[in-house]
Amino acid sequence: MNDLSSKTRKASLHTFRGYRAITSAYYRGAVGALLVYDVTRHVTFENVERWLKELRGHTDSNIVIMLVGNKADLRHLRAVSTDDAKAFAERENTFFMETSALESMNVENAFTEVLTQIHHVVSRKALEVGDDPAALPKGRTINVGSKDDVSAVKNAGCCSA
Numbered sequence: 036m037n038d039l040s041s042k043t044r045k046a047s048l049h050t051f052r053g054y055r056a057i058t059s060a061y062y063r064g065a066v067g068a069l070l071v072y073d074v075t076r077h078v079t080f081e082n083v084e085r086w087l088k089e090l091r092g093h094t095d096s097n098i099v100i101m102l103v104g105n106k107a108d109l110r111h112l113r114a115v116s117t118d119d120a121k122a123f124a125e126r127e128n129t130f131f132m133e134t135s136a137l138e139s140m141n142v143e144n145a146f147t148e149v150l151t152q153i154h155h156v157v158s159r160k161a162l163e164v165g166d167d168p169a170a171l172p173k174g175r176t177i178n179v180g181s182k183d184d185v186s187a188v189k190n191a192g193c194c195s196a
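Sequence positions in the sequence shown follow this note's numbering and run 36 to 196.
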C-alpha cells in the first residue's frame, strides 16, 4: 500500500527476471513498469532496449516506465556509467534512477516515483473521460513491500540475460 495524495492505493508487482518467453497477456492492462539492469553487467543494459521495445509494443502509450540501474553500491565493478543510462532514459522518454537493493538505497523511491506518475496519468485520464469509470484502463496491481521485504530480494539475483 502506498499513500498518494491522501488516498490509499493497492498495487501488485510481477517480476520476470529476464524471461524472454513472456506472452502479451502479461502486459495487458499494465500501467507502469520498472526495467531493471545490473550496473556491473553491461549485457543487462544492452537487453533493456529489447525489453523496452517489447513493452511498448504490448502496452498503452501512456505506460509509466522507469529505467533502474541496480547494484549502484558496487562502484568498483561498474560497467554502465550513470551518464550513459541517463542519456538512454532521456532519449527513450523514461524515468531513471539508480538503486542498491543490498543497501536499500532508492528502492522504495523507485516504486514510489512510478506509483506517483501512474497516479498522475490515471487522474489525467479520469478528468478527460469525466465520471465514466468504465472508460478508465483496468490495470494490474503493484504490491510495494516494506523495507523488511528488501532482505528477500537481496539474494534473489538480478538482471538475468
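C-beta atoms are modelled at their ideal positions from N, C-alpha and C, and glycine is treated no differently.
Predicted model, so just to flag it, every value in this text is computed and none were measured.
Using DSSP with H/G/I as helix, E/B as strand and the rest coil, what is Ile-100? strand
Within this structure, are the beta carbons of Met-132 and Val-103 separated by less than 7 angstroms? Less than 7 angstroms separates the beta-carbon of Met-132 from that of Val-103.
Can you grab the Cα-Cα spacing for the pair Val-197 / Glu-84, in whole Å? The requested residue 197 does not occur in the structure, where the chain is confined to residues 36 to 196.
What is the rounded straight-line gap between the Cα of Gly-92 and the Cα of Val-149? 20 angstroms
Within 7 angstroms, strictly: CB atoms of Val-78 and Ile-153: By the CB criterion at 7 angstroms, Val-78 and Ile-153 fall outside the cutoff.
Can you round the beta-carbon distance between Tyr-62 and Leu-87 to whole angstroms, since I take them to be within the 8 angstroms contact cut? Rounded to the nearest angstrom, the Cβ distance from Tyr-62 to Leu-87 is 12 angstroms, too far for a contact under 8 angstroms.
Between the alpha carbons of Val-128 and Tyr-72, how many angstroms are there, rounded? Here the sequence assigns Asn to residue 128, which means Val is not the residue at that position. Computed Cα separation, rounded: 17 angstroms.
Is the CB-CB distance between Asp-108 and Glu-81 below 7 angstroms? no
Please report the Cβ distance between Phe-123 and Met-101, rounded to the nearest whole angstrom; I am assuming they are in contact, meaning their Cβ atoms lie under 8 angstroms. That belief does not hold up - the Cβ atoms of Phe-123 and Met-101 are roughly 12 angstroms apart, past 8 angstroms.
Classify Asn-97 as buried or exposed, calling it buried when 16 or more other Cβ atoms lie within 10 Å of its own Cβ. exposed
Would you list the residues sitting across from Asn-82 in a DSSP beta bridge? Note: Asn-82 sits in no beta bridge, so no partner.
In the DSSP assignment, find the alpha helix (DSSP H) that holds Ala-120 and state where it starts and stops. 117-126
Which residue marks the beginning of the beta strand (DSSP E) containing Ala-68, and which one marks its end? Per DSSP, the unbroken beta strand (DSSP E) holding Ala-68 starts and ends at 67-73.
What is the DSSP secondary structure of Glu-133, counted as helix, strand or coil? strand
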